[in-house]
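All remarks here apply to the structure that follows.
Numbering (the working numbering), first residue to last: 3 to 292.
Next comes the structure, spelled out in structure tokens:
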């Protein structure tokens, strides 16, 4: 059971690494079941007020003073509470990571692309990526997530994990990539057109273009089950060259035309020669999308 009675911001004030900060908070709180109580945690750490409602023009905002004596968090719930919970955690990250510099006179104002940023091309992107790292480590800690990684990759695991942890399926899919040893990619699309993709290290580059139609091997219509069967696909539909392994494809359909497609290279493909480069940061590449 989570114990917030001993949670004091002064005890974590000297921790500046986002992942370590989130893990330290979990050690202090103890183990728990169900969704991480993010609003209660934020209030225990000197966030005086949290407003979760529909806002226009931003996803999240942290209002505080230069000394961070306390703070107010605003989180947009236009796209559902799971996403709003991530936003609260993201803004809490800005509050606790005291080396983060304000984005405006009153604190931080974050838009959609900020909550997807993984790159550190400049100070702003570095701060947003650190806030995202803190948020996902806090809401989906490794010890809670590893149970969904014990069997072969399956988007059903992502649906289950998202429900248990009360975070969005999209954030869950990205966390799945972060922690999985499999060679795979997640393609995020809407109405059959690419939004962006992310992949594990060593997975071949995907020559996909934002807003272009994704390969027809993805089911076009949503069936009675939102998670399709894992089926073998022709690598030529997805890659310019042979990936060195059999390719398997599965799709999770969501509301309003959104979907997530997993591309999985089987065990024979784990000998694929890595080019030594880090995975392409498609969040940076497509930083302009909403």
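Backbone N, C-alpha and C fix where the C-beta goes; we use that ideal spot for every residue, glycine too. Since the structure is predicted, the reported quantities are computational estimates derived from the model, not experimental observations.
TODO: Under 8 angstroms by Cβ, that's how I've got residue 1 and residue 216 pegged, so tell me the actual separation to the nearest angstrom.
DONE: Nothing in the structure corresponds to residue 1, since the chain is present only between 3 and 292.
Task: Inter-residue Cα distance where the pair is residue 186 and residue 264 - done: Along the chain shown, one-based indexing puts residue 186 at 184. Along the chain shown, one-based indexing puts residue 264 at 262. Answer to the nearest angstrom: the Cα atoms are 7 angstroms apart.
Task: Burial state of residue 62 (16 or more Cβ within 10 Å) - done: The residue labelled residue 62 in the question sits at position 60 within the chain shown. Residue 62 is buried by the Cβ-count criterion.
Open item on the list: Considering just the uninterrupted stretch of the beta strand (DSSP E) at residue 187, what are its terminal residues?
Closed with: Taking the first residue of the chain shown as position 1, residue 187 is located at position 185. Looking at the DSSP string, the run of the beta strand (DSSP E) that includes residue 187 is 185 to 192.
Task: Residues near residue 278 by beta carbon distance below 7 angstroms, same chain, minus five either side - done: Here residue 278 corresponds to residue number 276 of the chain shown, with the count starting at 1. No answer about residue 278 holds up, because its pLDDT of 45 lies below 50 and its placement is not dependable.
Open item on the list: What does the alpha-carbon distance come out to for the pair residue 91 and residue 171?
Closed with: Here residue 91 is taken as the residue at index 89 of the chain shown, counted from 1. Here residue 171 is taken as the residue at index 169 of the chain shown, counted from 1. Distance between the alpha carbons of residue 91 and residue 171: 16 angstroms.
Open item on the list: Need the endpoints of the alpha helix (DSSP H) that residue 200 sits in, please.
Closed with: Looking up residue 200 in the chain shown gives position 198. For residue 200, there is no enclosing alpha helix (DSSP H); the enclosing beta strand (DSSP E) covers residues 195 to 201.
Task: Residues near residue 273 in its chain [Cβ-Cβ closer than 6 angstroms; skip 5 each side] - done: Position 271 of the chain shown, counting from 1, holds the residue named residue 273. Bear in mind that the predicted position of residue 273 carries a pLDDT of just 40, short of 50, making it unreliable; the figure below should be weighed with that in mind. Excluding residues within five positions, none has a Cβ falling inside 6 angstroms.
Open item on the list: Quick check on DSSP: helix, strand or coil for residue 256?
Closed with: Walking along the chain shown from the start, residue 256 turns up at place 254. The answer is coil: DSSP assigns residue 256 none of H, G, I, E or B.
Task: Three-way DSSP call (helix, strand, coil) for residue 54 in this model - done: Position 52 of the chain shown, counted from the first residue, corresponds to residue 54. Strand.
- [ ] Look at the alpha carbon of residue 83 and the alpha carbon of residue 76, and state the distance between them as a whole number of angstroms.
- [x] By 1-based counting over the chain shown, the position of residue 83 is 81. By 1-based counting over the chain shown, the position of residue 76 is 74. Cα to Cα, residue 83 sits roughly 13 angstroms from residue 76.
TODO: Report yes if the C-beta distance between residue 2 and residue 232 is below 8 angstroms; otherwise report no.
DONE: There is simply no residue 2 to check, as the chain begins at 3 and stops at 292 in what is shown.
TODO: Note down the Cα distance separating residue 88 from residue 230, rounded to an integer number of angstroms.
DONE: Translated into positions along the chain shown, residue 88 becomes position 86. Translated into positions along the chain shown, residue 230 becomes position 228. Rounded to the nearest angstrom, the two C-alpha atoms are 27 angstroms apart.
Open item on the list: According to DSSP, is residue 111 part of a helix, a strand, or is it coil?
Closed with: By 1-based counting over the chain shown, the position of residue 111 is 109. Residue 111 carries a strand assignment under DSSP once its states are collapsed to helix, strand and coil.
Task: Candidates 81, 128, 190: closest to residue 114 by CA position - done: Numbered from 1 along the chain shown, position 112 holds the residue referred to as residue 114. With distances taken between Cα atoms, residue 114 lies closest to 81.
TODO: Kindly list the residues whose CB is nearer than 7 angstroms to the CB of residue 135, restricted to its own chain and excluding five residues on each side of it in sequence; keep chain order.
DONE: Reading the chain shown from its first residue, position 133 is the one you call residue 135. Cβ neighbours of residue 135 beyond the five flanking positions: 20, 21.
Open item on the list: Checking 8 angstroms against the spacing of the C-beta atoms, do residue 14 and residue 6 come in under that value?
Closed with: As a position in the chain shown, residue 14 is number 12, starting the count at 1. As a position in the chain shown, residue 6 is number 4, starting the count at 1. At the C-beta level, residue 14 and residue 6 stay beyond 8 angstroms of one another.
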